[in-house]
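In our numbering, the protein residues as written are 90 to 445.
We put the CB at the ideal spot given by N, CA and C, even for glycine.
This report refers to the structure that appears directly beneath it.
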């Protein structure tokens with residue numbers, strides 16, 4: 090009888106089991122890691138974008154809604170964010186981007202309708218560095234999308250927010266003006282070119298940029314509707330060779346445009362004496378927002394015009410039956426008014442004399 094040690098017994102027993110396991114694995118064909126089926130891999134995110142402020146950067150992107158084979162996605166397991174930081178002085182545009190450790194972010198369910206947006210904020214950025222970001226989405230352990238579009242920007246000490254923003258309503262739009270930005274948030278003077286970007290909110294909704302960045306300290310918003318309230322903010326950013334650095338947003342101001350364009354004055358005003366008074370009639374005024382007319386009377390020896398009557402559409406005549414006593418004639422004129430509140434009123438028509 091052989092006197093084997095316990096170690097030898099273990100080796101003897103383990104060797105057949107290992108051989109069986111190797112044979113089984115070889116038979117299953119697992120030579121590399123499993124690949125996720127194509128119908129669960131999300132499409133790549135293509136709208137990764139960023140917004141700079143004096144605090145840092147805010148990234149945002151849309152949840153993918155389908156896989157690369159067109160299957161609908163109802164829930165995402167997670168996002169994987171890749172970030173690289175490169176000093177501006179040592180940047181090489183032909184070198185691979187040196188991404189650091191990936192950042193895992195939670196996913197979540199998608200709404201039945203509409204889009205869902207993910208956001209990520211990065212603060213404590215270091216001046217004089219280029220930042221690069223990409224993101225992937227995952228529906229499971231191996232089901233990871235291709236990389237998103239790449240976004241990059243240079244970070245320097247940002248400029249201060251514009252001060253003194255004002256809004257004045259002009260006919261057909263809103264005019265904004267603000268003070269020039271000459272200092273950075275740390276108090277040091279701005280040495281780079283400064284540009285300004287206006288953002289607008291309609292009726293208290295979310296802000297969106299309007300117009301293009303400008304070097305001017307004013308902006309005329311003509312894409313507005315009368316009686317609708319608008320809110321405005323302005324952001325300053327400094328221009329560098331490798332990109333722009335955004336500063337803080339100004340305080341918001343609001344403005345509500347109003348229509349101040351009056352319709353044309355009525356023409357060809359005539360009067361006819363009747364048994365009961367004076368009948369005044371005129372040509373119709375062509376205006377999309379016309380609301381009616383006003384008839385005025387002036388007595389001899391006076392420069393004051395008294396409103397006699399408002400005339401609603403579609404009428405273009407009025408009979409004045411309240412003839413003033415003690416005069417043998419009077420003068421009449423007509424104006425047109427629109428639907429604005431208060432109404433815009435045209436100039437008076439040419440006056441017409443009538444003898445009583």
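Judged by pairs of C-beta atoms under 8 Å, the stretch 252–261 does not touch the stretch 158–169, as fewer than three such pairs exist.
By the neighbour-count definition (other C-beta atoms within 10 Å, threshold 16), residue 383 is a buried residue. Cβ contact annotation for residue 146 (same chain, cutoff 6 Å, sequence separation greater than five): 139 and 211, in chain order. Residue nearest to residue 399 within the set 408, 289, 392 and 391 is 408 (criterion: CA-CA distance).
As DSSP reads the structure, residue 320 sits in a beta bridge with 290 and 343. In its chain, beyond the 5 residues on either side, 296, 297, 298, 299, 321, 322, 323, 324 and 338 have a beta carbon closer than 8 Å to the beta carbon of residue 288.
Per the coordinates, the alpha-carbon of residue 426 lies some 16 Å from the alpha-carbon of residue 315. Here residue 177 carries a helix assignment [DSSP, helix/strand/coil]. The DSSP-derived three-state label of residue 129 is helix. DSSP, read as helix, strand or coil, puts residue 214 in coil.
Contact check for residue 194 against residue 221 fails: the beta carbons are separated by 8 Å or more. As for any beta strand (DSSP E) of minimum length 3 sitting wholly inside the stretch 251–279, the runs are 255–259 and 262–266, ordered along the chain. About 20 Å separates the beta carbon of residue 396 from that of residue 372, a gap too long to meet the 8 Å contact definition. Taking C-alpha positions only, residue 151 is separated from residue 234 by approximately 14 Å. When secondary structure is reduced to three states using DSSP, residue 161 falls in the strand class. In this structure, residue 214 lies away from residue 342, with their beta-carbon atoms at least 8 Å apart.
Residue nearest to residue 424 within the set 257, 329, 148 and 394 is 394 (criterion: CA-CA distance).
For residue 388, DSSP records no beta bridge to any residue.
Within the model, the alpha-carbon separation for residue 305 versus residue 271 is close to 13 Å. The C-beta of residue 333 has 16 or more other C-beta atoms within 10 Å across all chains shown, which makes the residue buried. The bridge partners DSSP lists for residue 155 are 161. When the alpha-carbon of residue 127 is set against those of 175, 422 and 227, the nearest one is in 227. It is roughly 22 Å from the alpha-carbon of residue 292 to the alpha-carbon of residue 205. Cβ-Cβ distances below 6 Å link residue 420 to 387, 440 and 442 in the same chain, with the five nearest sequence neighbours on each side left out; the list follows chain order. Contact between residue 273 and residue 243 is ruled out by a C-beta separation of about 14 Å, above the 8 Å threshold.
Assigned with DSSP and collapsed to three states, residue 189 falls in coil, not helix or strand.
Checking the DSSP bridge columns, you'll see residue 235 has no partner listed.
Non-local C-beta neighbours of residue 406 in its own chain, meaning closer than 6 Å and more than five positions away in sequence, comprise 370, ordered along the chain. Classified as buried, residue 385 has 16 or more neighbouring CB atoms from the shown chains inside 10 Å of its CB. Spatial neighbours of residue 437 in its own chain (CB-CB distance under 8 Å, excluding positions within 5 residues in sequence) are listed in chain order as 354, 385, 394, 422, 423 and 424. Taking a 10 Å sphere around the C-beta of residue 401, we find fewer than 16 other C-beta atoms and assign the residue as exposed. Taking 8 Å as the cut-off, the Cβ atoms of residue 317 and residue 378 do not count as close. In this structure, residue 268 places its C-beta atom within 8 Å of the C-beta atom of residue 252.
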